[in-house]
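Numbering (the numbering used here), first residue to last: 17 to 252. Positions of the beta carbon are idealized from the N, C-alpha and C atoms, including for glycine. Written out below as structure tokens is the structure these notes cover.
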């Protein structure tokens, strides 16, 4: 359908974008499609989605005569929260601002509320996902803290953007510190305490003598390894 406009510009009117529910465990889309909107562009932003709730999307093309094509292949996706330009200090520079937790279920309801996400805290706390540390050589590290928390480089080379970190691979994540390097992406795996893992992404944008800047994303859907739009991934 991406070629509908180029194939016959005189007959093309617009695309229609539909969505329905998606069962991650069964890898199955729902049967009741809802129209999200129309567009003449190759991109479309769907609003008012709930973080951590998987959806399936399909696209059709409409002609100037009002005829609608068959749907595209279904594409599942799970929205997730993120934030940019978060400052964390090294433990040595300011321990009170050196720790980070992707999600802390403060009210115990199992839901990722806005004030429970992306929390900067004291680096000496045992409830962190990681803290920022500087060694005697001056290198800066992201150190996992909570039991069941691990981290690994997303790639061996820098990534262009946080959205380049699209999926948490099934692998062994290190529980020791990993060097913070500008432009590099990191994937965190965390024990959700409910039988499912949780996954987060970090892209370091700046490493200074006393602090780092990073972008982060967190998948609130239990066991879902999707960190942006990606093909189907089994819950784990």
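#1: Can you tell me the Cα-Cα spacing of residue 112 and residue 180, whole angstroms?
#2: Touching or not, the region 52-60 and the region 85-97, by the rule of three or more beta carbon pairs under 8 Å?
#3: I need the boundaries of the beta strand (DSSP E) containing residue 201, first residue and last residue.
#4: Specify whether the region 23-34 and the region 228-237 touch according to this definition: at least 3 beta carbon pairs, one from each stretch, less than 8 Å apart.
#5: Is it right to say residue 163 is buried, meaning 16 or more other beta carbons lie within 10 angstroms of its own, or is it exposed?
#6: Comparing alpha-carbon positions, which option in 138, 121 and 140 lies nearest residue 131?
#7: Candidates 76, 226, 74 and 127: which alpha carbon is nearest residue 67's?
#8: Hey, how far is the Cα of residue 110 from the Cα of residue 72?
#9: Entirely within the region 100-168 and at least 3 residues each: give me those beta strand (DSSP E) ranges in chain order.
#10: Please confirm whether residue 184 and residue 201 have their CB atoms less than 9 Å apart.
#11: At the level of alpha carbons, what is the spacing between residue 214 and residue 105?
#12: Should residue 223 go down as buried or exposed, given a rule of 16 or more other Cβ atoms within 10 Å for buried?
#13: Restricting to Cα atoms, I'd like to know which of 155, 157, 168 and 198 is closest to residue 175.
#14: Compute the beta-carbon to beta-carbon distance between residue 70 and residue 36, rounded to the nearest angstrom, for a pair I have assumed lies under 8 Å.
#15: Under 8 Å: does the beta carbon of residue 210 sit that close to some heavy atom of the ligand PLP?
#16: Exposed or buried, residue 107, counting other C-beta atoms within 10 Å across all chains shown (16 or more means buried)?
#17: With which residues is residue 170 paired in a DSSP beta bridge?
#18: Give the DSSP-derived three-state secondary structure of residue 57 in the structure shown.
#19: Tell me the rounded alpha-carbon separation between residue 97 and residue 52.
#20: Secondary structure at residue 23, three-state DSSP: helix, strand or coil?
Short version:
#1: 30 Å
#2: no
#3: 201-207
#4: no
#5: exposed
#6: Nearest of 138, 121 and 140 to residue 131, Cα basis: 121.
#7: 127
#8: 44 Å
#9: 115-119, 133-137, 146-150 and 156-160
#10: No, they are not a contact pair.
#11: 25 Å
#12: With a threshold of 16 other beta carbon atoms within 10 Å, residue 223 meets it and is buried.
#13: 198
#14: Not confirmed; about 10 Å, so no contact.
#15: The ligand PLP is not among the ligands present in this structure, which contains no ligands whatsoever.
#16: buried
#17: Per DSSP, none; premise fails for residue 170.
#18: Coil.
#19: Roughly 20 Å between the two C-alpha positions.
#20: helix
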